[in-house]
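Residue numbers for the sequence shown follow the working numbering, so the first one is 113 and each next one is one higher. Every residue gets a Cβ at the ideal spot worked out from N, C-alpha and C, and that includes glycine.
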Amino acid sequence: MKNAYITLGLVFALLGPAMAQEVAPEPSRLDLRVGAGMSFLGTGDKTALHFENELNYRLTPHFTVSASAGFGKSDSGEFEAASFAQGNANLFWSPFRNNRFLDFRMGSGLSYYHINDVYAQSISRINGEITDIDFAADNRQSFGANVILEYTLSLGDRLLVGAKVYTQPYFNGDINSGAMLKTGIRL
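Rendered as structure tokens:
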């Protein structure tokens, strides 16, 4: 009986550390990213500062879904301004896998936006001095499509940094294209 206890003790002493080793946890499938960049409204005649918040969920090593909300503002001239808010739902494909240090991904999806353009409709002048300005506003909304190229770098287990370029043609004829720098965290 004494030999059985000694043998059992030796087995646990030798195999215990091997059984107690921790397996490295898989990186989280969920991440939150924020971004800021420049956007060109229409044919590029209005340049807007664009901000975005995005929530991503990795489905497989090659596919990710995301939902994002963004807003932008443009002061494109002395008497013109535009602001917009948008929501996006996208599917991304990572041809080189999306669970490593670097992630290049291509995506597409659906976008909905609301834009408000304000512009001077008429300007009255006397002796070159502006005496009266009548402003007009144009509010519109539309659905559209997203085409996105994005590159993300993982810094450690949780921190993400990256950049993206995108274009968003809308069904009413508007277009929004731009580039953005992003940072994020795995949840």
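ask   = Would you call the CB atoms of Ser223 and Gln280 closer than 8 Å?
value = yes
inquiry  = Using only the alpha-carbon positions, how far apart do Ser254 and Asp269 sit?
reply    = Distance between the alpha carbons of Ser254 and Asp269: 39 Å.
task = Pull up the distance between the alpha-carbon of Asp143 and that of Val230, whole angstroms please.
result = 36 Å
key: Same chain, Cβ closer than 6 Å to Asp246, neighbours up to 5 away in sequence not counted   = Gln233, Ser234
message = Quick check on Asn258: buried or exposed, where buried means 16 or more other Cβ atoms within 10 Å of its Cβ?
response = buried
request  = Locate the beta strand (DSSP E) running through His162, then write down its first and last residues.
outcome  = DSSP places His162 inside the beta strand (DSSP E), whose first and last residues are 158-170.
query = Taking the continuous beta strand (DSSP E) assigned at Leu293, which residues delimit it?
reply = 287-298
query = Is it buried or exposed for Ser178, if we count other Cβ within 10 angstroms and need 16 for buried?
reply = Looking at its Cβ environment, which holds 16 or more other Cβ atoms inside 10 Å, Ser178 is buried.
key: Inter-residue Cα distance where the pair is Arg298 and Arg170   = Rounded to the nearest angstrom, the two C-alpha atoms are 11 Å apart.
ask   = Ordered along the chain, which non-local residues of its own chain (more than five positions away) have a Cβ less than 7 Å from that of Lys185?
value = Ala160, Leu161, Ser195
task = Can you have a look at Glu164 and say buried or exposed, based on whether 16 or more other CB atoms are within 10 angstroms of its CB?
result = buried
task = Return the residue from the list Ala193, His174, Gly290 that minimises the CA-CA distance to Phe208.
result = His174
ask   = For the segment 206-290, which segments carrying the beta strand (DSSP E) assignment without a break, of at least 3 residues, lie completely within its bounds, in sequence order?
value = 214-238, 241-267, 271-281
request  = With distances taken Cα to Cα, identify the nearest neighbour of Ile227 among Thr176, Glu190, Gly182.
outcome  = Gly182
request  = Would you mind giving the Cβ-Cβ distance between Asp244 and Gly154, rounded to the nearest angstrom? I have them listed as a contact below 8 Å.
outcome  = No, Asp244 and Gly154 are not in contact; Cβ-Cβ is about 27 Å, not under 8 Å.
query = Whose C-alpha, out of Arg212, Arg237, Lys294, is nearest the C-alpha of Ser140?
reply = Out of Arg212, Arg237, Lys294, Arg212 has the C-alpha closest to the C-alpha of Ser140.
ask   = Tell me which same chain residues have a C-beta within less than 6 Å of the C-beta of Glu192, skipping the five on either side of it?
value = Tyr231
query = Helix, strand or coil for Gly154 per DSSP?
reply = Coil.
ask   = What do you get for Asp250, buried or exposed, if any count of 16 or more other CB atoms within 10 angstroms of its CB means buried?
value = exposed
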